[in-house]
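These notes concern the structure reproduced below.
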RNA sequence: GGAGAGGUGGCAGAGUGGUCGAAUGCACUCGCUUGGAAAGCGAGCAGGGGUGAUAAGCCUCUCGGGAGUUCGAAUCUCCCCCUCUCCGCCA
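Numbering (my numbering), first residue to last: 6 to 434.
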């Protein structure tokens, strides 16, 4: 959520950001009008409350309180009625009531874009920052991962359909072991980079989901238990970012780094027909997530390090990739700036997203109320939050199967992974 | 799931209808004291919102959350959530 005071102070900055995201900036004028109405109503309410409080205090000081109350009966009755209607007005117009038009507009304005974000109309306008590694040269026609995995007997889509329907998969034998090896490998690297490992809940409350900005009116991507009013996390960004919600952090504690290995659940309703084969787009996948809480002045550098932490994994695995700065229309609701890492997939001959690293500045922290005090006399400030995958496990497994496939149908295991996996190749068993 | 107890400021902990946003202690900040420190003494020290200059000041709201009673609620009533203890069940 944006700071409403910032929108009042510098509405043009908000309009510019919205335009770069391809969103109609007329909502800023709506918001300013609704905000003026709200502050009007609030002023009226507080004026009335002040009058009532003065009279009540007078009664409280009187020797005969009942008599004093009777004396002011008419004024008090009138005030009571006026306060009641003023309260109704404030509630209906204020930014805190979830049903108010002001809250509706405010809560659906995405984060301010960073100036460094490139302009663009679609993903085609994303800026390639750097490319690492060369796509492997095959003296045979490289197969897609689902064929490799199926023929090795480590990937089973048919039985997954039997159990759970489409967009689920089963890893077995060396496949399951490879997935686990990746998780362990990623977590060990995160620990080495001073992230605190967390094993969070995979179901979170509506409040938690709201606090990290996942509950916009456009988001129907989440699995949800209606009876318990609990959401299955679409990423462990949610519990990791909200971990310190409503807390005041010590300045010396920042930057705080968290990591978690978790499943992620997504309906992918809007992606029907896309990536229908294979592991690329599943209702359930696993991921090691990195989250930072930083002081505002530290978040730019933090994003660079976060991206570097994710990149180093791809480099250790020897997987060719490129780093891409998302353009204005591609940056998500919460983020001010996003760097994606895209890994090379030989079967498709394209780079595909394997990590997305974002600086969310104070946007989530304001919702989740995560603050810090710079010094004992200082005021409370919101932290900046960042998140990124390091890495998506299913997609890493896909990249290994495809990039490391051999002419005989076996798959070479990257040497960095051999100690965790326990073998240097996967052969048909 | 059942029974009981409880949720108050950074922490501990008073407060059961009237200047209570809240005693006291600890922690913290500043000052005095000291060669320096400790101790001691004095002062300060919750957050949100509105208005003001992102100042001071003023106003308003907040004692787990929500609704209610009342001129007035931390205090009374109702609902919900959470924590602790005991029992049941389970991994």
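By construction, the Cβ of each residue, glycine as well, lies at the ideal position given by its N, Cα and C atoms. Bear in mind the structure is a predicted one, so any value in this text is a computation, not a measurement.
- Looking at 279, 294, 296, the one whose alpha-carbon comes closest to that of residue 288 is 279.
- Under a 10 Å Cβ-count criterion, residue 26 is classified as buried, with 16 or more other Cβ atoms of the shown protein chains found around its own Cβ.
- Taking 8 Å as the upper bound for CB-CB distance, residue 362 and residue 293 are not in contact here, some 13 Å apart.
- Nearest Cα to residue 217 within the set 339, 64, 94, 354: 339.
- In terms of Cβ geometry, residue 57 and residue 88 form a close pair [threshold 8 Å].
- Less than 8 Å divides the Cβ of residue 110 from the Cβ of residue 35.
- If the five residues before and after residue 178 are omitted, its C-beta is found closer than 8 Å to the C-beta atoms of 158, 159, 434, all from its own chain and listed in chain order.
- Proximity of the segment 9 to 22 to the segment 66 to 84 falls short of the contact definition, fewer than three beta-carbon pairs being nearer than 8 Å.
- For residue 87, the enclosing alpha helix (DSSP H) stretches over residues 78 to 98.
- Cα atoms of residue 127 and residue 197: separation of roughly 37 Å, rounded to the nearest angstrom.
- Taking the Cβ atoms as the reference, residue 395 lies roughly 7 Å from residue 195, within the contact range of under 8 Å.
- Looking at the DSSP output, residue 237 sits in a beta bridge with 208.
- Scanning its chain for C-beta atoms nearer than 7 Å, with the 5 sequence neighbours on each side dropped, one finds around residue 426 the residues 182, 183, 186, 418, in chain order.
- Secondary structure note for residue 250: it is in no beta strand (DSSP E), with a DSSP letter that is neither H nor E.
- When the beta-carbon positions are compared, residue 431 and residue 415 come within less than 8 Å of each other.
- For the beta strand (DSSP E) assignment, the uninterrupted runs of no fewer than 3 residues enclosed by the segment 252 to 335 are, from N- to C-terminal side, 253 to 255, 261 to 270, 289 to 299, 326 to 330.
- Spanning the alpha carbons of residue 271 and residue 78 requires a straight line of approximately 60 Å.
- Partner residues in the beta bridge of residue 389, as assigned by DSSP, are 299.
- When DSSP states are grouped into helix, strand and coil, residue 410 belongs to the strand group.
- In this structure residue 384 is exposed. Its beta-carbon is surrounded by fewer than 16 other beta-carbon atoms within 10 angstroms.
- The Cβ atoms of residue 246 and residue 373 sit closer than 8 Å to each other.
- Taking 8 Å as the upper bound for CB-CB distance, residue 403 and residue 323 are not in contact here, some 15 Å apart.
- With a 10 Å radius around the Cβ and a threshold of 16 neighbouring Cβ atoms, residue 314 comes out buried.
- Burial state of residue 156 is exposed, judged by a 10 Å Cβ sphere holding fewer than 16 other Cβ atoms.
- Contact annotation, residue 122 with residue 327: C-beta distance approximately 17 Å; criterion of less than 8 Å not satisfied.
- With a threshold of 16 other beta carbon atoms within 10 Å, residue 43 meets it and is buried.
- The segment 240 to 259 makes contact with the segment 293 to 307: 3 or more CB pairs, one atom from each, lie closer than 8 Å.
- For residue 45, the secondary structure class from DSSP, reduced to helix, strand or coil, is helix.
- DSSP places residue 432 outside both helix and strand once states are collapsed to three, so it counts as coil.
- A direct Cα-to-Cα measurement between residue 399 and residue 291 gives close to 6 Å.
- About 6 Å separates the beta carbons of residue 269 and residue 239, which is inside the 8 Å limit, making them a contact pair.
- Rounded to the nearest whole angstrom, the C-alpha separation of residue 409 and residue 345 is 22 Å.
- Residue pairing by DSSP places residue 416 opposite 410, 431 in a beta bridge.
- Within the same chain, Cβ atoms closer than 6 Å to the Cβ of residue 176 are found at 184, the five residues on either side in sequence being excluded.
- The shortest C-alpha to C-alpha distance from residue 202 to any of 248, 424, 405, 349 is the one to 248.
- Taking C-beta separations shorter than 6 Å and ignoring five residues to either side along the sequence, the partners of residue 137 in its chain run 326, following chain order.
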